[in-house]
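So the structure is just underneath, and the comments pick up after that.
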Amino acid sequence: MSDEIEFDRSATTPPGEVAELSPLVRRVIAGNGGPMTFTGTCTYIIGRGTVAVLDPGPDDPAHVARVLAAIAGETVSHILVTHTHRDHSPAVPALKAATGARVAGCLPHRPARELALGEINPLDAAADRDYAPELPMHDGDTVSGPGWTLRAVETPGHTANHLAFALAEEQSLFSGDHVMAWSTSIVAPPDGSMAAYMASIEKLRGMEHRLYWPGHGGPVTEPQRFLRGLVQHRRQREAAILNRLKAGDERIAEMVPPIYQGLPAALHGAASLSVLAQLEDLVLRGIVLCDEVLPMLGSRYRLA
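My numbering puts the first residue of the sequence shown at 52, with every later residue one more than the last.
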């Protein structure tokens with residue numbers, strides 16, 4: 052069977068609708084669809100009677116109201132968060148105020164590396180720096196309720212604090228934004244790290260899950276095949292960057308248009324950050340040289 056990555060961009064359930072995905076899992080999609088969020092952030096309800104809510108989503112009262120309506124008459128024991136982007140965690144305070152649940156999951160937001168002298172973090176606005184869990188979780192930590200157990204799997208890369216959650220009873224994984232069926236995850240320094248992302252992919256390849264429930268879009272139904280495809284995709288992107296360096300390109304702004312042919316100009320900024328993540332990893336591995344102490348968007352690059 053080919054390991055070519057095959058994205059599934061078919062429509063999921065409409066935002067706001069409660070989807071019964073399995074005996075233990077329900078989903079409500081937030082109304083924040085867009086180029087970076089697909090149809091919107093997936094908020095998951097795990098369990099029956101006493102439940103956990105995973106990734107409550109953006110600070111959107113209408114979405115919080117829909118989630119609360121979906122769990123009317125039930126007890127929320129835990130609010131879980133995979134990572135601290137503003138489309139995943141800002142609804143935590145409202146949901147906690149309404150339910151009294153404990154906030155658990157990833158650690159507070161942090162960068163994957165320190166900023167270089169004079170560097171400005173272009174992702175500051177995307178980070179939820181108010182998030183503060185009562186129960187910070189590390190690799191292997193668990194929370195549970197009647198008939199369900201969720202185990203934290205540290206998967207840094209998309210963000211430094213990213214967690215996935217394994218649902219033992221259904222052999223499934225809530226993969227957050229680390230692995231999604233509709234698109235590759237953006238890895239953007241300084242908040243993200245390509246080296247960490249690839250290491251997390253390899254970590255998941257050593258685990259067996261029946262399917263993934265991601266932070267956006269529908270399920271990943273063949274996880275191991277999809278993970279192999281992600282590795283191949285990143286290798287192809289790396290080869291494309293090395294080819295641009297061989298052709299004489301020195302700056303990221305020169306590389307993006309030929310590498311991402313047909314990409315709308317509005318998305319070139321995100322593409323530039325992805326190229327930076329790859330170059331950061333190539334510099335770390337000694338394959339590429341940079342004229343700065345730390346690779347940055349405006350740096351010059353050349354083959355070692």
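Glycine included, C-beta positions come from ideal geometry on N, C-alpha and C. This one's a predicted model, so the numbers in the text were calculated from it and none came from an experiment.
Residue range of the beta strand (DSSP E) that includes residue i
i: glutamate 71; result: 69-71
i: proline 265; result: 262-265
i: valine 132; result: 126-132
i: glycine 196; result: 193-196
i: valine 76; result: 76-80
Contact set for residue i: own chain, Cβ-Cβ below 6 Å, skip 5 residues either direction
i: alanine 250; result: none
i: glutamate 289; result: Gln329
i: glycine 67; result: Arg117
i: methionine 52; result: For methionine 52, the predicted structure reports a pLDDT of 33, less than 50, and the residue's modelled location is therefore unreliable. A value from the coordinates is still provided. If we look at methionine 52 and ignore the five residues flanking it on each side, it has no Cβ neighbours.
i: alanine 219; result: Thr200
i: arginine 369; result: Not covered by the structure: residue 369. The range shown for the chain is 52 to 355.
i: leucine 345; result: Ala167
i: alanine 145; result: Val115
i: isoleucine 353; result: The sequence given here has arginine at residue 353, not isoleucine. Closer than 6 Å at Cβ, skipping near neighbours: Leu340.
i: lysine 297; result: none
i: threonine 94; result: Val79, Asp106, Pro107, Gly108, Val118
Rounded distance between the beta-carbons of residue j and residue i, thought under 8 Å
i: leucine 224; j: histidine 267; result: That belief does not hold up - the Cβ atoms of leucine 224 and histidine 267 are roughly 15 Å apart, past 8 Å.
i: arginine 137; j: alanine 103; result: 21 Å between Cβ atoms; not a contact.
i: aspartate 106; j: leucine 174; result: In fact, because the Cβ distance is near 18 Å, the residues do not count as touching under 8 Å.
i: valine 154; j: isoleucine 130; result: 5 Å
i: leucine 348; j: isoleucine 56; result: In fact, because the Cβ distance is near 26 Å, the residues do not count as touching under 8 Å.
The alpha helix (DSSP H) enclosing residue i, as first and last residue numbers
i: isoleucine 252; result: 245-256
i: arginine 286; result: 274-297
i: isoleucine 303; result: 303-310
i: arginine 180; result: Unbroken run through arginine 180: none, as it is neither H nor E.
i: leucine 119; result: 112-121
i: glutamate 331; result: 319-335
i: threonine 210; result: Note, threonine 210: premise wrong, no alpha helix (DSSP H); not H, not E.
Same chain, Cβ closer than 7 Å to residue i, five either side skipped, listed in chain order
i: tyrosine 182; result: Val132, Thr135, Ser140, Val143, Pro159, His160
i: methionine 306; result: Ile292, Arg295, Asp300, Val326
i: leucine 318; result: Pro86
i: glycine 180; result: One point to set straight first is that residue 180 is arginine, not glycine, in the sequence displayed. The residues are His160.
i: glycine 156; result: Leu131, Val132, Thr133, Pro184, Met188, Leu214
i: leucine 119; result: Ala149
i: alanine 109; result: The residue asked about is misnamed: residue 109 is proline in this sequence, not alanine. Closer than 7 Å at the Cβ level, and outside the excluded window around proline 109, lie Ala81, Asn83, Thr92, Arg137, Asp138, Pro141, Ala142.
i: proline 309; result: Arg295
Same chain only: Cβ atoms within 8 Å of residue i, ignoring 5 sequence neighbours per side
i: alanine 247; result: Ala163, Pro207, Gly208, Ala211
i: leucine 278; result: Val230, Ile252, Leu255, Arg256
i: glycine 269; result: Asp59, Ser61, Thr63, Ala232, Trp233
i: glutamate 221; result: Ser73, Pro74, Leu75, Val76, Arg261
i: alanine 245; result: Correcting the residue identity first, residue 245 is methionine in this sequence and not alanine. Result list for methionine 245: Gly208, Val238, Arg285, Ala328, Gln329, Glu331, Asp332, in chain order.
i: glutamate 71; result: Arg77
i: alanine 355; result: Gly337, Ile338, Val339, Leu340
Residues that DSSP places opposite residue i in a beta bridge
i: tyrosine 352; result: Cys341
i: phenylalanine 225; result: Phe216, Trp264
i: valine 104; result: Ile96, Ile130
i: proline 187; result: Gly156
i: phenylalanine 89; result: Gly85
i: leucine 146; result: Bridge partners of leucine 146: none, in fact.
i: alanine 203; result: Phe216
i: valine 271; result: Tyr263
i: histidine 139; result: None, per the DSSP bridge assignment.
Check your understanding: Three or more beta-carbon pairs under 8 Å between the segment 181-192 and the segment 95-104, yes or no?
Key -> no
Check your understanding: If we count Cβ pairs, one from each stretch, closer than 8 Å, do we get three or more for the segment 333-342 versus the segment 308-316?
Key -> no
Review point. Counting Cβ pairs, one atom from each stretch, are 3 or more of them under 8 Å apart for the segment 77-86 and the segment 107-116?
Key: yes
Point to revise | Contact between the segment 263-277 and the segment 217-232 (3+ Cβ pairs under 8 Å) | key: yes
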